[in-house]
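**Q** Here you go, one structure.
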Amino acid sequence: MNFHTTNIRPRYSETDQMGIIYHSNYFTWFEVARTSFLKERGMSYREMERQGIFLPVIEVNCKYISSALYDDNLTLEVWIEEFQSSRMKFHYRILRQEEELLATGFTEHVFFDKNKKRPVNLKKAYPEVYQLLEKIYQS
Numbered sequence: 001m002n003f004h005t006t007n008i009r010p011r012y013s014e015t016d017q018m019g020i021i022y023h024s025n026y027f028t029w030f031e032v033a034r035t036s037f038l039k040e041r042g043m044s045y046r047e048m049e050r051q052g053i054f055l056p057v058i059e060v061n062c063k064y065i066s067s068a069l070y071d072d073n074l075t076l077e078v079w080i081e082e083f084q085s086s087r088m089k090f091h092y093r094i095l096r097q098e099e100e101l102l103a104t105g106f107t108e109h110v111f112f113d114k115n116k117k118r119p120v121n122l123k124k125a126y127p128e129v130y131q132l133l134e135k136i137y138q139s
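The sequence shown begins at 1 in the working numbering and counts up one residue at a time.
Next comes the structure, spelled out in structure tokens:
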């Protein structure tokens, strides 16, 4: 499994009155990890969007195991779990101190052509992007 790690420290503004991270912030962290993962491997969201390719989320899930707290040292792990010509699925793990599992989740995305305003078969419409993402997935 070719996964990427990103470290974050939750800000006070991300907590509730008990100092626990508010649940919706996990989805923002998934996005932080995912965009960093792709960019580090040579395919940034910005570049895809310049080419007219977008990756809207069609399904999202998060299983909360233990609470993240203000100023915790968190590690986000992300990898591509599934890759097809029309969609891809990322899997995430959030850990405290790189060992205590706090949450797992996934996001599933469809490749969307901005110009045609519809889902697209990436392999046919954008073969270079498809090949790069396939290489990332297989490594």
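Glycine is no exception: its CB is placed at the ideal position from the N, C-alpha and C atoms.
Considering only C-alpha positions, which residue in the set R46, K114, Y70 is nearest to Q17?
**A** Comparing Cα positions, the closest option is Y70.
**Q** Decide if L101 is buried, meaning its Cβ has at least 16 other Cβ atoms within 10 Å, or exposed.
**A** Per the 10 Å Cβ criterion, exposed.
**Q** Who are I8's beta bridge partners in DSSP?
**A** According to DSSP, I8 bridges with L74.
**Q** Quick one: Cα of T82 to Cα of M88, how far?
**A** As written in the sequence, residue 82 is Glu, which differs from the Thr given in the question. Looking at the two C-alpha atoms, the distance is approximately 5 Å.
**Q** Mind listing, in chain order, the continuous beta strand (DSSP E) runs of no fewer than 3 residues lying wholly within the segment 34 to 104?
**A** Counting whole runs of 3 or more residues, the segment 34 to 104 contains the beta strand (DSSP E) stretches 57 to 64, 74 to 83, 87 to 96.
**Q** Straight-line CA distance for T6 to L76?
**A** Between T6 and L76, the C-alpha separation is close to 5 Å.
**Q** Taking Cβ positions, are R148 and L74 nearer each other than 8 Å?
**A** The requested residue 148 is not part of the displayed model; the chain covers only 1 to 139.
**Q** Thinking C-alpha only, which one of M48, E98, Q131, A68 is nearest S24?
**A** For S24, the nearest C-alpha among the options comes from A68.
**Q** Secondary structure at V32, three-state DSSP: helix, strand or coil?
**A** Correct three-state label for V32: helix.
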